[in-house]
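K.L.:
Protein chains in written order, with this note's numbering: chain L, -14 to 247; chain V, -14 to 247; chain C, -14 to 247; chain U, -14 to 247. The C-beta atom is built at its ideal place from N, Cα and C for all residues, glycine as well. Treat the numbers as computed from the prediction; the structure is a model and nothing was measured. Dumping the structure here so I can ask a few things about it.
There are 4 protein chains.
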Amino acid sequence: METKKAVLVTSFGTSHLDTLEENIAATEKAIAQALPDFTLRRAFTSSIIMKKLKTRDGIEIDNVPQALARLVVEGYSQVVLQPTHVICGEEYEKLCSLAAPFAQFLKLSIGTPLLKTIPDYWNMARAICTLTDEPAADEAVVFMGHGTAHQANASYALLEYLLRDLGWERAFIGTVEGCPSLEQVIRRLKAQPAIRKIRLMPLMMVAGDHAKNDMAGEEPDSWRSQLEAQGYQVSCILTGLGQSPVIRELFAQHAKEAADKL
Amino acid sequence: METKKAVLVTSFGTSHLDTLEENIAATEKAIAQALPDFTLRRAFTSSIIMKKLKTRDGIEIDNVPQALARLVVEGYSQVVLQPTHVICGEEYEKLCSLAAPFAQFLKLSIGTPLLKTIPDYWNMARAICTLTDEPAADEAVVFMGHGTAHQANASYALLEYLLRDLGWERAFIGTVEGCPSLEQVIRRLKAQPAIRKIRLMPLMMVAGDHAKNDMAGEEPDSWRSQLEAQGYQVSCILTGLGQSPVIRELFAQHAKEAADKL
Amino acid sequence: METKKAVLVTSFGTSHLDTLEENIAATEKAIAQALPDFTLRRAFTSSIIMKKLKTRDGIEIDNVPQALARLVVEGYSQVVLQPTHVICGEEYEKLCSLAAPFAQFLKLSIGTPLLKTIPDYWNMARAICTLTDEPAADEAVVFMGHGTAHQANASYALLEYLLRDLGWERAFIGTVEGCPSLEQVIRRLKAQPAIRKIRLMPLMMVAGDHAKNDMAGEEPDSWRSQLEAQGYQVSCILTGLGQSPVIRELFAQHAKEAADKL
Amino acid sequence: METKKAVLVTSFGTSHLDTLEENIAATEKAIAQALPDFTLRRAFTSSIIMKKLKTRDGIEIDNVPQALARLVVEGYSQVVLQPTHVICGEEYEKLCSLAAPFAQFLKLSIGTPLLKTIPDYWNMARAICTLTDEPAADEAVVFMGHGTAHQANASYALLEYLLRDLGWERAFIGTVEGCPSLEQVIRRLKAQPAIRKIRLMPLMMVAGDHAKNDMAGEEPDSWRSQLEAQGYQVSCILTGLGQSPVIRELFAQHAKEAADKL
Chain L
-14 METKKAVLVT SFGTSHLDTL EENIAATEKA IAQALPDFTL RRAFTSSIIM KKLKTRDGIE
46 IDNVPQALAR LVVEGYSQVV LQPTHVICGE EYEKLCSLAA PFAQFLKLSI GTPLLKTIPD
106 YWNMARAICT LTDEPAADEA VVFMGHGTAH QANASYALLE YLLRDLGWER AFIGTVEGCP
166 SLEQVIRRLK AQPAIRKIRL MPLMMVAGDH AKNDMAGEEP DSWRSQLEAQ GYQVSCILTG
226 LGQSPVIREL FAQHAKEAAD KL
Chain V
-14 METKKAVLVT SFGTSHLDTL EENIAATEKA IAQALPDFTL RRAFTSSIIM KKLKTRDGIE
46 IDNVPQALAR LVVEGYSQVV LQPTHVICGE EYEKLCSLAA PFAQFLKLSI GTPLLKTIPD
106 YWNMARAICT LTDEPAADEA VVFMGHGTAH QANASYALLE YLLRDLGWER AFIGTVEGCP
166 SLEQVIRRLK AQPAIRKIRL MPLMMVAGDH AKNDMAGEEP DSWRSQLEAQ GYQVSCILTG
226 LGQSPVIREL FAQHAKEAAD KL
Chain C
-14 METKKAVLVT SFGTSHLDTL EENIAATEKA IAQALPDFTL RRAFTSSIIM KKLKTRDGIE
46 IDNVPQALAR LVVEGYSQVV LQPTHVICGE EYEKLCSLAA PFAQFLKLSI GTPLLKTIPD
106 YWNMARAICT LTDEPAADEA VVFMGHGTAH QANASYALLE YLLRDLGWER AFIGTVEGCP
166 SLEQVIRRLK AQPAIRKIRL MPLMMVAGDH AKNDMAGEEP DSWRSQLEAQ GYQVSCILTG
226 LGQSPVIREL FAQHAKEAAD KL
Chain U
-14 METKKAVLVT SFGTSHLDTL EENIAATEKA IAQALPDFTL RRAFTSSIIM KKLKTRDGIE
46 IDNVPQALAR LVVEGYSQVV LQPTHVICGE EYEKLCSLAA PFAQFLKLSI GTPLLKTIPD
106 YWNMARAICT LTDEPAADEA VVFMGHGTAH QANASYALLE YLLRDLGWER AFIGTVEGCP
166 SLEQVIRRLK AQPAIRKIRL MPLMMVAGDH AKNDMAGEEP DSWRSQLEAQ GYQVSCILTG
226 LGQSPVIREL FAQHAKEAAD KL
């Protein structure tokens, strides 16, 4: 009898249908191409987003237990669970503990987020340098990471550290909910008076609410408004990480490594 | 939002389609009637039987993880798992440990087999007295229980003990794989020389292989042949416990008690 | 470096110092002799009894976690945990779950109570026939077991069943807290009108409160008083199971089997 | 009856008796002073170090299971387990899983390492600024952290990031086994040509083998030798973090927060 294998790509989710397609679906496709013997499945972790998609658009998406349960029902026996998270934070730990009970019924291998090992950080730093042009002498790029109260919050500082090693002196990473804050980023921008123009770009899987509102929004407390108030000329790039083939390839590699452990 | 509730009736299973209908399906129906707000579902635990049904008859039946996983997928949140086991033996313990991981995703209440508490034993002894007529002075009834190496094997002796309290002096319980053995039953039959006729009847959920072959078969080592070789006139009743409305009602009560704990 | 091995004999406990010595200590000694390479340790499970011994007599006895923790502290790495229970009931299950966490720090093998496998029942039935003389034609022996609401309560009936196979027709087992009750035993005594004299004997590890009061006491509801009220001539044997070298040998065998699994 | 409380301070350990006293013992003392109702206990996690201390010096130190088991034996019921780790890395996770089984017998609260929450990072960055004088214009301080393949390795970069926010422009953190490497630190030193003198200092609990050999040793691959080879004038400060009252106070606060959760 043939072994049935699946790869379950798990994302926080988004209610923006454009970014769902361009980021999440595109990343799922890249992972599926890297694992041709595996059936591709999708799960989200945000129940608010799943409810919104169902109510508003009639789109039903499994949560993690449902998606794994569905694989049990259908007789799958080997499953790669690949998250599309950036850091090994709370969401990733929650995912691992939701999946754990299914290890009694499925051979289960969980892939890692983008940033876990030291080689991961170098790969990601190099990938970031492909997301946008290197800033000119009067320019800076400021990436908006999510940030978290979890200890994984330190990831952003190491990533920026490595950008320096790669020669990008005017690339900064701030976070919405953690550290570095925008205030800390501004302090560093001010230290380089030549900088006049700022490119803002999300360091998140999707260009969703945070990107559209907290980063690029018209409100006075958006990053764009705050940086303009400091006298900078600000432009916004509204693409999520999942739109980059280089980033998608990193996720595909992580999924492949997880599959190799099955 | 409405709470979706299900009762999953779990049986060892049988490949005899007649007894499947008359015993298992009939018991499931009685349980469903006792729990009108619960969707009825079926699972078997014997993979050999499930394979046989699928290959031979194209009938697909879920095992326990599949059936519970299916309920997770379909959004059920409260589940009664009611086994159709007679004793709290190895099968029941296996069932409990298979179900345990799902308690993280479902409110799960597991009903008990027919024989757990002391009132259970009295109820079951009284039920047995309804399965067949009380044996006449020259007659005995010998029930064939399954028997097990598990400590639950002691259940059969207590059940026979209570049959005496209920006044049935010529009802005996032997087991195929445990203790009392047929040899021990014969010793007791011999001690009552008035007994000339023996009625054999399965003390198992279904009248399947054990009943048809080990009990009533033509082979020299069937119980029937062995008792005939001892000079007894033997008749066989080929009905499983599930054919008795009284037994089915006991299962329904156990399921109801489990539902009350949700 | 030498492997340090210990056998921890675990009893419910007793506050009667005589029976503690004659039953528990004697059984521990027999187990220790069967496992000469193992350090002998004692634990009780009844906190009421441990408190009483400490307050009244200044005797400190470890509970199970303390005794196992002490072995960890002292660098023991292989431990047999041998209970002195009769049945695989609630006390035994509690013991197993108290010991489980220590399996991360110790190689732990838990011996079984007197009654688990079918051979155990036969061994125990044969041992019972050595505890007292076979009753004469006008006599019966009634053993007082503890009894329980746990499914292991069925053990007593199977044990009595086997006493019949061994030819003891006038030996009965009743229980204080379970089934068979004394009432059920009396029903069977009455069925044999030749019986005029009754020997009462505990089927418990120690001859403690149950034996001294519930069985042999002067109160009108003691077994002795109730049987005398029925017109029987009653004698009481106040020895616990632990006073029998045959029973002690059974425990020693169980401990040895557990040691073989280390 | 009085509740017995203990605080178990757990360190990786050191075989250098001077640093054991000045760092570990001093930190334990500070923690004990913050928790006056708690008995102070010590455990190490490195079995190599415990073996060396025992063989060489006759000093016996408990590992974590032994220390917790000892508290169970002695009747303690509330225990704070405070590690002296810097980051939430592998050692900390191992510690948590070693302690977990004891939560069935003890009310157990595990304090966090120095670096977990964002406020922790700020506190630690401020503490670092008290460990040595702010470097002069021609000077840099280079701290040697341990580093790890665990995702917690990112901690060092965030800590250095915050040192900049506090105005320390010429303080760098490298690691022995992780990232940033000394090579990455040297790249940053070179970028500030005014720097001629370097102060080396361990960012580890004790000034043990890593500090004495890998940092300050005479061998050509020690950090000192490598920096001297680059033309820098190097001085070494051989004090562990535990010698700083400010750092000790941070550990005491973490232990106090853990005690508040009991």
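How would you list, in chain order, the residues of chain V whose beta-carbon sits under 9 Å from the beta-carbon of F90 of chain L?
P.N.:
The answer, in chain order, is P50, Q51, A54, L83, P86.
K.L.:
What do you reckon, are the CB atoms on H70 of chain V and M129 of chain V nearer than 8 Å?
P.N.:
No, the Cβ-Cβ distance between H70 of chain V and M129 of chain V is not below 8 Å.
K.L.:
Count the other C-beta atoms from every protein chain shown that fall within 10 angstroms of the C-beta of Q18 of chain C, then say buried if there are 16 or more, exposed otherwise.
P.N.:
It counts as exposed.
K.L.:
Should V64 of chain V and L83 of chain V be called a contact, given that it needs their Cβ atoms to be closer than 8 Å?
P.N.:
No, Cβ-Cβ distance for V64 of chain V and L83 of chain V is not below 8 Å.
K.L.:
Short of 7 Å in beta carbon distance, which residues of its chain neighbour R181 of chain L, apart from the five on each side in sequence? Order them along the chain.
P.N.:
Counting only Cβ-Cβ distances below 7 Å, and skipping sequence neighbours, we find D123, Y217, Q218.
K.L.:
Thinking A54 of chain V and A88 of chain L are a contact (beta carbons under 8 Å), I'd like their distance in whole angstroms, please.
P.N.:
Rounded, the Cβ-Cβ distance is 14 Å, inconsistent with contact.
K.L.:
T(-5) of chain C and V49 of chain C: beta carbons closer than 8 Å?
P.N.:
Against a cut-off of 8 Å, the Cβ pair of V49 of chain C and T(-5) of chain C comes out as a contact.
K.L.:
Measuring only the C-alpha atoms, how far is E6 of chain V from G60 of chain L?
P.N.:
Cα-Cα distance, rounded: 26 Å.
K.L.:
Taking buried to mean at least 16 other C-beta atoms within 10 Å of its own C-beta, is E(-13) of chain L buried or exposed?
P.N.:
E(-13) of chain L is exposed by the Cβ-count criterion.
K.L.:
With a Cβ-Cβ cutoff of 8 Å, do A125 of chain U and R149 of chain U count as a contact?
P.N.:
No, Cβ-Cβ distance for A125 of chain U and R149 of chain U is not below 8 Å.
K.L.:
Taking the alpha carbon of F23 of chain L as the reference point, which residue from L:A(-9), L:S31, L:N8 has its own alpha carbon closest?
P.N.:
That would be L:A(-9), whose Cα lies nearest to the Cα of F23 of chain L.
K.L.:
Can a CB atom of chain U be found closer than 8 Å to the CB of V58 of chain C?
P.N.:
Yes, V58 of chain C counts as interfacial toward chain U.
K.L.:
Just verifying my parser: in three-state terms, what is the DSSP assignment at F90 of chain V?
P.N.:
If DSSP states are grouped into helix, strand and coil, F90 of chain V belongs with coil.
K.L.:
Of all Cβ atoms in chain V, is any one closer than 8 Å to the Cβ of L143 of chain C?
P.N.:
Closer than 8 Å: yes.
K.L.:
Does the Cβ-Cβ distance between L2 of chain C and A112 of chain C come in under 8 Å?
P.N.:
Taking 8 Å as the Cβ cut-off, L2 of chain C and A112 of chain C do not qualify as a contacting pair.
K.L.:
Which first and last residues belong to the beta strand (DSSP E) in which A125 of chain L is found?
P.N.:
Its beta strand (DSSP E) spans residues 124 to 130.
K.L.:
Closer than 8 Å, CB to CB, is T69 of chain L near chain U or not?
P.N.:
False, the Cβ-Cβ gap to chain U never drops below 8 Å.
K.L.:
Evaluate the contact criterion for the segment 24 to 31 of chain L versus the segment 34 to 48 of chain V: three or more CB pairs, one atom per stretch, below 8 Å.
P.N.:
They do not touch, by the three-pair rule.
K.L.:
If we call anything under 8 Å between Cβ atoms a contact, is A248 of chain V one with G225 of chain V?
P.N.:
No answer is possible for residue 248 of chain V: the residues shown for chain V start at -14 and end at 247.
K.L.:
For A52 of chain L, which residues from the same chain have a beta carbon less than 8 Å from its beta carbon, with the 5 sequence-adjacent residues on both sides left out?
P.N.:
If we look at A52 of chain L and ignore the five residues flanking it on each side, its Cβ neighbours are L(-7), T(-5), R26, R27, A28.
K.L.:
Whose Cβ in chain V lies nearer than 9 Å to the Cβ of C164 of chain C?
P.N.:
Chain V residues near C164 of chain C: I103, Y106, W107, L143, Y146, L147.
K.L.:
I46 of chain C by DSSP, collapsed to three states: which one?
P.N.:
Three-state DSSP puts I46 of chain C in coil, outside helix and strand.
K.L.:
Is T12 of chain L helix, strand or coil by DSSP?
P.N.:
Residue state, collapsed to three classes: helix.
K.L.:
Got a sec: which bits of the segment 160 to 194 of chain V sit with their beta carbon under 8 Å from any beta carbon on chain C, in order along the chain?
P.N.:
Those residues of the segment 160 to 194 of chain V that come within reach of chain C (Cβ to Cβ, closer than 8 Å) are G163, C164, P165, Q169, R172, R173.
K.L.:
Determine whether the beta carbon atoms of S140 of chain V and A243 of chain C lie at a separation below 8 Å.
P.N.:
The answer is no: Cβ separation not under 8 Å.
K.L.:
Does the beta carbon of Q136 of chain V sit closer than 8 Å to a beta carbon anywhere in chain C?
P.N.:
Answer yes: the Cβ-Cβ gap between Q136 of chain V and chain C drops below 8 Å somewhere.
K.L.:
Count the other CB atoms, across all protein chains shown, that sit within 10 Å of the CB of N198 of chain C; report buried if there are 16 or more and exposed otherwise.
P.N.:
Classification for N198 of chain C: exposed.
K.L.:
Please list, in chain order, the chain L residues whose beta carbon lies closer than 7 Å to that of D150 of chain U.
P.N.:
The answer, in chain order, is Q169, R172.
K.L.:
Just the C-alpha distance for L167 of chain U and A179 of chain U, rounded to the nearest angstrom, thanks.
P.N.:
C-alpha separation (whole angstroms): 19 Å.
K.L.:
For a cutoff of 8 Å on Cβ pairs, would you count A156 of chain V as touching chain C?
P.N.:
No - not a single Cβ of chain C is within 8 Å of the one on A156 of chain V.
K.L.:
With H, G and I counted as helix, E and B as strand and the rest as coil, what does DSSP make of K175 of chain L?
P.N.:
Helix, per DSSP.
K.L.:
Can you pull the chain L residues whose beta carbon is under 8 Å from the beta carbon of C114 of chain U, in chain order?
P.N.:
Neighbours of C114 of chain U on chain L: none; closest Cβ ~17 Å, over 8 Å.
K.L.:
For the alpha helix (DSSP H) holding V231 of chain V, just list the boundary residues, first then last.
P.N.:
Looking at the DSSP string, the run of the alpha helix (DSSP H) that includes V231 of chain V is 230 to 245.
K.L.:
How about A122 of chain L: is its C-beta nearer than 8 Å to some C-beta of chain U?
P.N.:
No, its Cβ sits nowhere closer than 8 Å to a Cβ of chain U.
K.L.:
Do you know offhand how far A11 of chain L's Cα is from E76 of chain L's?
P.N.:
If I take the Cα positions, the gap works out to 21 Å.
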